[in-house]
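**Q** Taken in sequence, the protein lines are chains A and B.
Quick note on the working numbering: the first sequence kicks off at 1480 and runs consecutively.
Quick note on the working numbering: the second sequence kicks off at 2 and runs consecutively.
Think of the CB as a built atom: it goes at the ideal place given N, C-alpha and C, for glycine as much as any other residue.
All values derive from a computational prediction rather than experimental measurement.
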Amino acid sequence: MTDPLRIAVVGSGPAGLYAATELAKLNTPPVQVNMIDRLPSMGGLARAGVAPDHAKRRLVIPAYEKASRRSGRFSFFGNVEIGRHLSHQELLQYHHAVIYATGASDSQPLNIPGAELPGCYAASAFAGWYNGHPDFSDLDIDTHCERAIVIGNGNVALDVARLLLKSENELSSSDMADHARRALSRSNIREVVLIGRRGPAQASFTHPELRELGHLQDVAIEVPPDLLKERYWPDTSFLLALRRQCLQEYTATHKPSATKTLRLRFLCSPRALLGERRVSAISLMKNRLVSEKGGYAKAEATGQTVAVETGLVVHAIGYRACPLAGLPFDAHSGSVPNCRGRVTGSEAGAGTYVTGWIKHGPRGVIGSNKPCARETVVALMDDYREGRLSEPRSGSHQFKALVDQRQADWVDYRGWRSIDEFEQAQAEGEAPRRKLCSIESMLKIARPRAPEDSKETEQFK
Amino acid sequence: MIVGTCVNDAVCTEVCPVNCIQPGPQSPDYLTAEMLYIDPNVCIDCDACADACPIDAIYPAQKLPDEWSEYAAINAAYFGAGPGP
């Protein structure tokens, strides 16, 4: 029998898990997958980005963990950072190939004056905060003010707006982190204004997310009726028709007893954040829509500005990837240059691949990563069959020994299972889990003894 | 019926015996799809899709919870049809 191919997959979010699942299906040769993640937990943005009241969608993680492990040749190395504990070149030395599935978990910056004022947050930080991501759980988010502004017209912006308007009761079955639940239960926020640069037909949110807003309790939704007119709706495609119908329903619905309001404010661009020691208002530029050749609707500033009082601003205007050490990076597309998943350019070396958002840019939903992963694995296996992959210089045991040396606190799959099971076991009421929000607390559960060799016990396989 | 929590994983399209779930990953529309849809007039109610969905985003038409009641019409509308029999 042939020796297994050894493939490292960097990143344990949906992209990495879909790739590992494809590799697990292969038999000749069999494939050993070493999955590496900077955090002790698995899941990437499915864990830290998906909204806490959409917790069921996180179930893709255990589903594809299971599928990845069907080969019996899957190892997890959590709390290990490539570019810090190990280099890209070292990874290549120990594996036939490396697939980077590191995603795009940072936010596009809000480049306006005042964006650095306290009280203004990027969605990646805000979502990380309410999802208990160790990097953001210590943020001191002030929910004192009566009005919050959310900049952006994608699903993440709608997530933030919706969560800011939910009552404690509505959040009881979510897996929101404790510190965020507390902050929101003390919240004075009565109004959330969603700011979009262009019109409702150009917004990138999806119809299901838009429709979900109508289920919020005690919240009146305000949509400028003018924007439902013909001229703002360029075509009658299925998705636009659904969206227009939903917005029309919102304009027709009156909730006089509602104590909270969600205002969908289109055709506005943020100009500046105002305030002394923290944000106290946002200055907006009103836009008009101008049709360009090819049907593109462009936002054009009218010159009219308006200032709106606020104490909390969250900007959700797109995700952004960070360049990876040792790999080329195209800043414009926010991705690593590649051809069907093979990283191009000599810098990285043969045997380097990408999948997911680091490959095709931060677009699409969870499932979009599956065909992407299939394409990358096909390219990788083609390269293997054509003899283009180099043999690793060192064996499997040596890789584990190297990780032991460089990061004494690395977490294996059994350790992640312990974290996952602990979070579920400590959940209260209808919540599916109660998150561990620091590396320290995760390590306490994952590595309860001194870092000797972790023995595989039957119950955690 | 597929409801609004769908994340386009599309394993349902792989198990459906009558190919009534669209758009499939091979379709050009898949890249811009907000969710996937079941054609109620082709579906044979075998539940293979509901069993396969990793996030429970599929319900038999008769068991659609109230909070998702609009989705019967939405699934049908994708195929240009009225709600199924």
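Would you tell me roughly how many angstroms separate the C-alpha atoms of Arg-1722/A and Ser-1491/A, rounded to the nearest one?
**A** For the purposes of this step, residue 1722/A is identified with residue 243 of the first sequence, where counting begins at 1. For the purposes of this step, residue 1491/A is identified with residue 12 of the first sequence, where counting begins at 1. Answer to the nearest angstrom: the Cα atoms are 34 Å apart.
**Q** Can you give the Cα-Cα distance for Met-2/B and Glu-1728/A, rounded to whole angstroms?
**A** Locating residue 2/B in the second sequence gives position 1, counting from the first residue. Locating residue 1728/A in the first sequence gives position 249, counting from the first residue. Using only the alpha carbons, I get a separation of about 23 Å.
**Q** What did DSSP end up calling Glu-1779/A once you bin it into helix, strand or coil?
**A** Working through the first sequence from its first residue, we reach residue 1779/A at position 300. Looking at Glu-1779/A - three-state DSSP - the assignment turns out to be strand.
**Q** Closer than 9 Å by beta-carbon distance: list the chain B residues that pair up with Leu-1687/A, in chain order.
**A** On the first sequence, position 208 is the one that residue 1687/A refers to. Here residue 1687/A turns out to be Pro, not Leu, going by the sequence shown. Per Cβ cutoff of 9 Å: Val-4, Gly-5, Thr-6, Cys-7, Glu-35, Met-36, Tyr-72, Ile-75.
**Q** Using the DSSP secondary-structure output, state which residues sit across from Gly-1972/A in a beta bridge.
**A** The requested residue 1972/A is not part of the displayed model; chain A covers only 1480 to 1940.
**Q** Assuming Ala-1602/A and Val-1639/A form a contact by the criterion Cβ under 8 Å, report the distance between their Cβ atoms to the nearest whole angstrom.
**A** One-based indexing of the first sequence puts residue 1602/A at position 123. One-based indexing of the first sequence puts residue 1639/A at position 160. That belief holds up - the Cβ atoms of Ala-1602/A and Val-1639/A are roughly 6 Å apart, short of 8 Å.
**Q** For Asn-1848/A, list the residues DSSP reports as bridge partners.
**A** Numbered from its first residue, the first sequence carries residue 1848/A at position 369. Paired residues: none, contrary to the question.
**Q** Kindly indicate which three-state DSSP category Thr-1685/A falls into: helix, strand or coil?
**A** For the purposes of this step, residue 1685/A is identified with residue 206 of the first sequence, where counting begins at 1. If DSSP states are grouped into helix, strand and coil, Thr-1685/A belongs with coil.
**Q** What is the DSSP secondary structure of Gln-23/B, counted as helix, strand or coil?
**A** Stepping through the second sequence from its first residue, residue 23/B is reached at position 22. Looking at Gln-23/B - three-state DSSP - the assignment turns out to be strand.
**Q** Where Leu-1673/A and Val-1792/A are concerned, what is the direct C-alpha to C-alpha distance, given to the nearest angstrom?
**A** By 1-based counting over the first sequence, the position of residue 1673/A is 194. By 1-based counting over the first sequence, the position of residue 1792/A is 313. About 10 Å.
**Q** In or out: Thr-1507/A buried (at least 16 other Cβ within 10 Å) or exposed?
**A** Locating residue 1507/A in the first sequence gives position 28, counting from the first residue. Under this definition Thr-1507/A is an exposed residue.
**Q** Sort Pro-1483/A, Asp-1482/A, Leu-1496/A by Cα distance to Thr-1855/A and report the nearest one.
**A** Taking the first sequence and counting its residues from 1, the one referred to as residue 1855/A is at position 376. If we check each option's Cα against that of Thr-1855/A, Leu-1496/A comes out closest.
**Q** If contact means a Cβ-Cβ distance below 8 Å, which residues of the region 1834–1861 of chain A contact chain B?
**A** The region 1834–1861 of chain A vs chain B, Cβ under 8 Å: Gly-1843, Val-1844, Ile-1845, Gly-1846, Ser-1847, Lys-1849, Pro-1850.
**Q** Given Gly-1824/A, which residues of its chain have a CB within under 7 Å of its CB, disregarding the five upstream and five downstream residues?
**A** By one-based count along the first sequence, residue 1824/A stands at place 345. Excluding residues within five positions, the ones whose Cβ falls inside 7 Å are Pro-1807, Pro-1816.
**Q** Could you tell me if Ala-1910/A is buried or exposed, where buried requires 16 or more neighbouring beta carbons within 10 angstroms of its beta carbon?
**A** By one-based count along the first sequence, residue 1910/A stands at place 431. Classification of Ala-1910/A: buried, given that the 10 Å Cβ count is 16 or more.
**Q** Under 8 Å, Cβ to Cβ, is there at least one residue of chain B near His-1694/A?
**A** Stepping through the first sequence from its first residue, residue 1694/A is reached at position 215. Chain B contact via Cβ: present.
**Q** Using 8 Å as the threshold, is the C-beta distance between Ala-53/B and Val-8/B below it?
**A** One-based indexing of the second sequence puts residue 53/B at position 52. One-based indexing of the second sequence puts residue 8/B at position 7. Cβ distance not < 8 Å, so Ala-53/B and Val-8/B don't count as in contact.
**Q** With 8 Å as the threshold, decide whether the Cβ of His-1533/A is near any Cβ in chain B.
**A** In the first sequence, residue 1533/A corresponds to position 54, counting from 1. For His-1533/A, the answer is yes, since a Cβ of chain B falls inside 8 Å of its Cβ.
**Q** What are the boundary residues of the beta strand (DSSP E) that includes Cys-1599/A?
**A** Here residue 1599/A is taken as the residue at index 120 of the first sequence, counted from 1. Counting along the chain, the beta strand (DSSP E) containing Cys-1599/A begins and ends at 1599–1601.
**Q** Under 8 Å Cβ-Cβ, which residues of chain B neighbour Ala-1800/A?
**A** Residue mapping note: residue 1800/A aligns to position 321 of the first sequence, counting from 1. Under the 8 Å cutoff, chain B gives no residues; its nearest Cβ is about 19 Å from Ala-1800/A.
**Q** Roughly how many angstroms separate the alpha carbons of Gly-81/B and Glu-1826/A, rounded to a whole number?
**A** As a first step, residue 81/B is located in the second sequence; it is residue number 80 there, counting from the start. As a first step, residue 1826/A is located in the first sequence; it is residue number 347 there, counting from the start. Going by the C-alpha atoms only, they are around 51 Å apart.
**Q** Looking at Trp-1836/A and Met-1521/A, is the spacing between their C-beta atoms short of 8 Å?
**A** Translated into positions along the first sequence, residue 1521/A becomes position 42. Translated into positions along the first sequence, residue 1836/A becomes position 357. No, the Cβ-Cβ distance between Met-1521/A and Trp-1836/A is not below 8 Å.
**Q** So what does His-1612/A bridge to, in DSSP terms?
**A** The sequence position of residue 1612/A within the first sequence is 133, counting from 1. According to DSSP, which records beta bridges pairwise, His-1612/A is partnered with nothing at all.
**Q** Considering only C-alpha positions, which residue in the set Cys-1916/A, Tyr-1543/A, Glu-1569/A, Tyr-1798/A is nearest to Gly-1582/A?
**A** Translated into the one-based positions of the first sequence, residue 1582/A becomes position 103. It is Tyr-1798/A.
**Q** List the residues of chain B that Val-1539/A touches, going by C-beta distances under 9 Å, in chain order.
**A** The residue labelled residue 1539/A in the question sits at position 60 within the first sequence. Neighbours of Val-1539/A on chain B, chain order: Val-8, Asp-10, Pro-55, Ile-56.
**Q** Compare the C-beta of Leu-1721/A against all C-beta atoms of chain B and say whether one is closer than 8 Å.
**A** Within the first sequence, the letter at position 242 stands for residue 1721/A. It does: the Cβ of Leu-1721/A has a partner Cβ on chain B nearer than 8 Å.
**Q** At least one CB of chain B closer than 8 Å to the CB of Arg-1690/A: is that the case?
**A** Start at 1 with the first residue of the first sequence, and residue 1690/A comes out as number 211. Closer than 8 Å: yes.
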